[in-house]
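In the UniProt record's numbering, the protein residues as written are 1 to 252. Report on the following structure.
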Amino acid sequence: MYKWKNPTLSLQKTVLSDVNSDTSNPLNQSVTQSKSFNVIPTVAQEIEVESCDKTNNIKTSAQILKTSHESDSYNGAVRENYIWTQTLNDLDVLVKVPENIKVSKDSIKVNITSTKLQIVGKPSDSSTNSKWDNIFDGKLSFKVRSGESTWSIEGRQINIHLEKAMEKWWEALIVDEPKIDLNKIDCSKHFDDMAPEEQMKVQELMWNHQQKILGKPTSEQIKMEATLKQAWNAKGSPFQGTPYDPSILKYN
1 MYKWKNPTLS
11 LQKTVLSDVN
21 SDTSNPLNQS
31 VTQSKSFNVI
41 PTVAQEIEVE
51 SCDKTNNIKT
61 SAQILKTSHE
71 SDSYNGAVRE
81 NYIWTQTLND
91 LDVLVKVPEN
101 IKVSKDSIKV
111 NITSTKLQIV
121 GKPSDSSTNS
131 KWDNIFDGKL
141 SFKVRSGEST
151 WSIEGRQINI
161 HLEKAMEKWW
171 EALIVDEPKI
181 DLNKIDCSKH
191 FDDMAPEEQM
201 KVQELMWNHQ
211 QKILGKPTSE
221 QIKMEATLKQ
231 AWNAKGSPFQ
241 GTPYDPSILK
251 YN
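The following block contains the structure:
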C-alpha cells in the first residue's frame, strides 16, 4: 500500500505599492504583479492507494456479488447466490441468475407461497421439453402474504418483494440459513410506516419535548390546567366566584 499526501498550499502574497505618493494621478500608481505560483489544493486527509497485485485481486462471482451489493443487505445478509433485506413490514430478495440460465420471463418461474420461495430456470441450450434447473428453493422463516408479493427481472438478477404476514424482525430469510444478530440491525420504525394513532403519539412526544426545552407546559400539564379551571368554579367549590389562582393549588 502506498500513502500519498499533497504538499501544503504555497502562495506568494500580492504586494500593492505606490510608486508615487501623489494618488491624484492614476498613471503614477502601479501594482506589482504577483509572482508565479503553483496552486495545489490542500487535502484534509491522506490518500491511501493499494498496490495492485492481480494474483491477489481475483474474486469469485460470489465475492463480487457480496461486495457490489453490500448496501442492498440492509437489516439482512449477503449469501452465496442471493441477498435479502428487511423492514418491519416487508422483505426484498435479490437472487443472482446462473450463467447457464436464459434470462426472460418465459424461462424463469418464481413460485411464492405463504411459507416457501422457489425459483426455477430453463438452461440456455435446452430444448422445449428439457428439465428446468433449480435456482432457489427454501422454506421461509415466517409466513408472508403471497398475494401481495411481486417479482421482476433486471439484468441477470431477480428482484422479489415479500410482504410479511405480521410485523416481526426476521433472523434469517429461510430456515436453514445462518441467523443474523438482531441486536446489530436498525430496529427503528419509519414514521410513514406507523399507524395514524402512532404518528399522532410520536408528534405529541416531540412537541412535549420541545415545550420542556422552552420551559413551557406540556400537553398533559395543559389538560390538567383546563381541568382545574373547570373545577375552580364548579358547584360546591370553595373557590367558586373568585378569580382563578393556580398558585394556591398543589398537584403533581
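In this text, a Cβ means the ideal position worked out from N, Cα and C, and glycines have one as well.
**Q.** Span of the beta strand (DSSP E) around K139
**A.** D133 to K139
Q) Where does K235 fall in DSSP's three states? A) coil
Q | Among V93, P123 and T113, the one whose alpha carbon lies nearest that of D106 | A | P123
Q: Could you tell me which of P196, V103 and G76 sits nearest to D92, measuring between CA atoms?
A: G76
Q | Candidates G138, V120 and E99: closest to S130 by CA position | A | Among G138, V120 and E99, the Cα nearest to that of S130 is on V120.
Q: Would you check if there are 3 or more beta carbon pairs closer than 8 Å linking the segment 203-214 to the segment 166-183?
A: no
Q: May I have the straight-line CA-CA distance separating T227 from L214, to the nearest angstrom?
A: Approximately 23 Å between the Cα atoms of the pair.
Q: Using the Cα positions of K212 and Q199, report the straight-line distance between them to the nearest angstrom.
A: 20 Å
Q: Pick helix, strand or coil for V97, following the three-state DSSP scheme.
A: Looking at V97 - three-state DSSP - the assignment turns out to be coil, as it is neither helix nor strand.
Q. By how many angstroms is the C-alpha of S149 removed from the C-alpha of E163?
A. 6 Å
Q | Residues near Q240 in its chain [Cβ-Cβ closer than 8 Å; skip 5 each side] | A | W232, N233 and A234
**Q.** CA nearest to the CA of E80, picked from P178, G147 and K102
**A.** P178
Q | Where A195 sits in the DSSP three-state scheme | A | coil
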